[in-house]
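Just so you know, numbering that gives the first Met the number 0 puts 36 at position 37 of the sequence shown, and the rest follows in order with no gaps.
Backbone N, C-alpha and C fix where the C-beta goes; we use that ideal spot for every residue, glycine too.
Beneath this line is the structure, given in structure tokens, with notes to follow.
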Amino acid sequence: MSNKITVYHKPTCSKCRATLALLKDSGQEFDAVNYYEMPLTVAGLRELIEKLGVPVRDVLRSDEPLARSLKLAEQQLADDELIKIMVDNPDLIQRPIVVRGDKAVLCRPPENVMKLL
């Protein structure tokens with residue numbers, strides 16, 4: 000497993016801040032990517048989802064007002080369509096996502112980051 004750790008986060012998110020604090024406390028070096036300033040591409044999000052090993056819908060924040068207004072939970076969208084919607088609307092992406100090598104974890108709760116340390 001590669002030693003490089005990358006955290007995809009939103010600075011105002013409490014779970015993201017808690018995950019970053021756990022990583023700092025661990026002494027591990029990591030890169031923090033604010034995906035609002037450095038937006039994910041369709042290919043990039045697809046790769047993260049593959050590393051997470053979960054269905055695309057598991058990465059969708061279906062409780063977000065935008066997801067409800069778009070009625071995403073009620074639609075049978077193809078994975079590629081859903082990924083494109085999430086890339087265009089980053090608030091719809093579950094966060095934070097922490098990657099190390101070919102593995103990734105969704106840090107909800109933040110303590111999930113320990114699986115990669």
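Closest by C-alpha distance to Leu105, when choosing among Ala72, Lys83, Ala66 and Arg60: Residue 105 sits at position 106 when you count from the first residue of the sequence shown. Nearest option by C-alpha distance: Arg60.
Arg60 at chain D interface by Cβ criterion, 8 Å: Structure shown: chain D not included; a single protein chain is present.
Local conformation of Arg105 per DSSP, three classes: Within the sequence shown, numbered from 1, the residue matching residue 105 stands at position 106. Residue identity check: residue 105 is Leu in the sequence provided, not Arg. Three-state DSSP puts Leu105 in a strand.
Contact under 8 Å by Cβ, Arg107 with Lys14: Working through the sequence shown from its first residue, we reach residue 107 at position 108. Working through the sequence shown from its first residue, we reach residue 14 at position 15. In this structure, Lys14 lies closer than 8 Å to Arg107 by Cβ.
Local conformation of Asp90 per DSSP, three classes: In the sequence shown, residue 90 corresponds to position 91, counting from 1. Note: Asp90 maps to helix in three-state DSSP.
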